[in-house]
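In what follows, a single structure is set out as structure tokens and then discussed.
Residue numbers (my numbering): 1 to 236.
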């Protein structure tokens, strides 16, 4: 939860790591009440590179709307797991090829990490840009890319993701505190029929609409996309 900026402020100040309501925003009232800039280290590294090479050279890489490069952390059923830096616009398939290709037959890719979404092999032509991912109902998120072949127990993977969100929820807001627990309980049932799938969808929408911070907003994305792809659950 302390990946959320205001929860991080509270933790540094000696309080529980709980997100704050916004506004006010960190740019005016942040750490110890002072204006605070919070950036991902990758952003700061890109700023340095931009200053060194100039704007035109920087924008020569990537796409019009997503210029520059992006770091992706590849793991799972790939030949050479690791961190790869590629220009925005590189396709998902090209990125997997850089990592030595998929071991076995590809079943799905988790794009954006636990807070991301599962995509099928029909999305290997997806250009890895903010705009293209959004247009396909996905997100680049943290840049985590996990590939899964047909030997992987996908229900166990999805349950582990749901458990992560339940365990990481700070418990401050009801939608996230209760929703993440109910999501795990539904996934732990012997079968995942139409009723259970409808409940997971309803819970996911409630968390996305009413949670205080991004953890709750994204807590059901991977689970719901796994259901949509048929990675878990039956047709009953």
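Yeah, the Cβ is synthetic: ideal placement off N, Cα and C, and Gly gets one too.
Contacts around residue i, its chain only, beta-carbon distance under 6 Å, and the 5 residues preceding and following it disregarded
i, result
"residue 139", "112, 116 and 133"
"residue 141", "112, 113, 115 and 116"
"residue 162", "183, 184, 187 and 223"
"residue 6", "19 and 20"
"residue 256", "Any question about residue 256 goes unanswered here, given that the chain covers just 1 to 236."
DSSP-derived helix/strand/coil call for residue i
i, result
"residue 155", "helix"
"residue 87", "strand"
"residue 146", "strand"
"residue 9", "helix"
"residue 36", "coil"
"residue 108", "strand"
"residue 195", "helix"
"residue 43", "helix"
Cβ separation of residue i and residue j, assumed to be a contact under 8 Å, to the nearest whole Å
i, j, result
"residue 168", "residue 1", "5 Å"
"residue 18", "residue 170", "5 Å"
"residue 92", "residue 81", "Rounded, the Cβ-Cβ distance is 16 Å, inconsistent with contact."
Bridge-paired residues (DSSP) for residue i
i, result
"residue 73", "83 and 144"
"residue 165", "Beta-bridge pairing links residue 165 to no other residue."
"residue 137", "In the DSSP output, where bridge partners are listed per residue, residue 137 has none listed."
Chain-order list of residues whose beta-carbon lies under 8 Å from that of residue i (same chain, five-residue window excluded)
i, result
"residue 236", "Because residue 236 sits at a pLDDT of 35, beneath the cut-off of 50, its placement in the model cannot be relied upon, and the point is left open."
"residue 11", "2 and 17"
"residue 86", "69, 70, 72, 94, 95, 98 and 128"
Sequence-distant residues of its chain with Cβ nearer than 7 Å to residue i (five each side left out)
i, result
"residue 42", "71"
TODO: Taking 8 Å as the threshold, find out whether the region 174-194 comes into contact with the region 141-151 through three or more Cβ pairs.
DONE: no
### Message
Three or more C-beta pairs under 8 Å: does that hold for the region 54-69 against the region 17-30?
### Response
Short answer: they don't touch.
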